[in-house]
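Visitor:
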Amino acid sequence: MKSWHTKWIDRSQKRKPKPRTCGLNCLIDKGLGLHAFYDLLELAGDHIDFIKLGFGTAGITPPSILQEKISLARQYDVHLYPGGTFFEIAYTEGHATDYFTRLQTMGFEWVEISDGTIDLPLTNRSQLIYQARQQGLIVITEIGKKKEGSFSSLDEFITLYQHDIRHGAAYVTMEGRESGINVGLYNKHGDMDIAYLQKLVHRVNSDSIIWEAPLKKQQVTMLQLLGSEVNLGNIPPTEVLAVESLRRGLRSETFHLWESSNKQQDH
């Protein structure tokens, strides 16, 4: 079958093939069956960088299915990892080191370290990042509480971000939950605090932040402000091609974002 013209399928002319370090599409799997998981990867695997097994679902997924998901994700060059809440349970029970060991043994390569529901002292946080890395895992940390109405001040976020990156985290996620409502950057209507975002990105490397943005209007705003290569998290599995279309200017909301650069290239 004849392929489409490159400018038809990526009006931004900026999308890079996998593996990539920015412009990441990070999905949340809240309980996909094995066939649905395979179909997702077969259809959209080229556009998926990470899949997070939401909250503690990894613990109650049948082991044979979980192992198959790990294997399939690796085949499609997708990084699979359990949600941070599962780590928080292991930490609370005093088994964080064992948790890291089990992840590594099962074939996971990435781990999320978070404190969305618990208190995690800074000293413990740095030790846990170090321990996970020593056991061969690549670390994503998360900043922000899951409680409705929770919000990290600019200085709080930057302090934790700098701490985590300095101690070896590969990426830092900004909490937005799977709802994108009344938490982190978002108010009770899901609207973004744009002034906060603009101040933040002037003080940190936004390429190392995964912005949880489950709603289309949040994704559009992120792309408008930070460009096609922004890292987006908590994307519902059914929305990954829709989000990739937004990135490439293949939807009305972002159709005109890269128009001027395309015209310049044509001349």
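Going letter by letter, the sequence shown gives residues 642 to 908 in this note's numbering. All residues carry an ideal CB built from backbone N, CA and C; glycine is no exception. Everything numeric in this text was worked out from a predicted model, so none of it was measured.
Hey, which unbroken runs of the alpha helix (DSSP H) at 4 residues or more fall wholly within the segment 656-735?
Guide: Fully enclosed alpha helix (DSSP H) runs of 4 or longer: 675-685, 698-701, 704-716, 725-733.
Visitor: Which residues does DSSP list as the beta-bridge partners of Glu853?
Guide: In the DSSP output, where bridge partners are listed per residue, Glu853 has Gly874.
Visitor: Classify Met815 as helix, strand or coil using the three-state DSSP reduction.
Guide: Strand at Met815.
Visitor: Tell me whether the segment 665-673 and the segment 876-889 touch, counting them as touching only if at least three CB pairs, one residue from each stretch, are closer than 8 Å.
Guide: Output reads yes: the segment 876-889 touches the segment 665-673.
Visitor: Buried or exposed: where does Lys946 fall if 16 or more other Cβ atoms within 10 Å of its Cβ makes it buried?
Guide: A question about residue 946 goes unanswered here, because the residues of the chain that appear run from 642 up to 908.
Visitor: Among all the DSSP beta bridges, which residues are the ones paired with Ile759?
Guide: In the DSSP output, where bridge partners are listed per residue, Ile759 has none listed.
Visitor: Let's test the definition: count the other Cβ atoms within 10 Å of the Cβ of Lys693 and tell me whether it reaches 16, buried, or not, exposed.
Guide: Flag for Lys693 reads buried.
Visitor: Among Met815, His843, Ala811, Gln859, which one has its Cα closest to the Cα of Gly831?
Guide: Ranking Met815, His843, Ala811, Gln859 by Cα distance to Gly831 puts Gln859 first.
Visitor: Measuring straight from C-alpha to C-alpha, what distance separates Gly700 and Tyr740?
Guide: Roughly 11 Å separates the two Cα atoms.
Visitor: So, Arg652 versus Trp899, is the Cβ gap smaller than 8 Å?
Guide: Taking 8 Å as the Cβ cut-off, Arg652 and Trp899 qualify as a contacting pair.
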